[in-house]
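Q: Taking my numbering, the leading residue of the sequence shown gets 354, the next gets one more, and so forth.
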Amino acid sequence: GRGRLTVTVRSANGTLPVEGALVTITSGGAVIGVSTSDESGNTETLTIPTPPKSASLTPGYAGLPYSTVLIEVDKDGYYSGQYIEVPIFPDVLTVQPVNLLPLPEFFAGDTGEGTQFFDESEGYDL
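1) Assuming R363 contacts V451 under a Cβ cut-off of 8 Å, what Cβ separation, rounded to an integer in Å, is found between them?
2) Does the segment 407 to 417 touch the segment 371 to 383, meaning 3 or more C-beta pairs lie closer than 8 Å?
3) Can you grab the Cα-Cα spacing for the pair A408 / V445, in whole Å?
4) Can you list, in chain order, the residues of its chain with a C-beta nearer than 7 Å to that of T400? Leave out the 5 residues immediately preceding and following it.
5) Where K406 and P457 are concerned, what is the direct C-alpha to C-alpha distance, given to the nearest angstrom?
6) Quick test of your reading: S433 and V426, contact by CB under 8 Å. State the CB separation rounded to the nearest angstrom.
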């Protein structure tokens with residue numbers, strides 16, 4: 354199967370689009386997509402491999418009926434964000450909102466220390 358993913362990058366509690374944010378999508382440690390947010394804060398839609406849709410209908414299916422990805426978002430002047438275990442379902446467009454926080458004015462430190470982590474694995478009951 355195949356799912357689709359678009360990331361919307363915003364700031365100011367989701368009200369202002371962030372243009373030029375680098376969005377990296379990984380699965381199983383391998384990079385499967387890289388995109389940059391446009392003037393509206395949206396990335397291009399990426400196609401993500403998933404298990405077949407029939408997996409969710411198969412009794413005793415050993416794996417998850419969806420894929421999970423890690424989304425990393427970086428932009429100069431903002432704390433980085435990592436979204437962990439984002440579910441991607443077959444034949445579904447997933448729109449992942451990202452809210453970047455601006456760095457404090459005159460910040461001179463290492464932004465790696467200020468990375469925000471968001472765990473999206475809620476244990477979906479399918």
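Where a beta carbon is used, it is the ideal one built from N, C-alpha and C, also for glycine.
A: Taking the definition as stated:
1) Taking the first residue of the sequence shown as position 1, residue 363 is located at position 10. Taking the first residue of the sequence shown as position 1, residue 451 is located at position 98. Confirmed, about 7 Å.
2) no
3) Position 55 of the sequence shown holds residue 408. Position 92 of the sequence shown holds residue 445. So the alpha carbons of these two residues sit roughly 15 Å apart.
4) Residue 400 sits at position 47 when you count from the first residue of the sequence shown. The residues are R355 and R357.
5) In the sequence shown, counting from the first residue as 1, residue 406 sits at position 53. In the sequence shown, counting from the first residue as 1, residue 457 sits at position 104. Spanning the two alpha carbons is a distance of roughly 45 Å.
6) For the purposes of this step, residue 433 is taken as residue 80 along the sequence shown, with counting starting at 1. For the purposes of this step, residue 426 is taken as residue 73 along the sequence shown, with counting starting at 1. That belief holds up - the Cβ atoms of S433 and V426 are roughly 7 Å apart, short of 8 Å.
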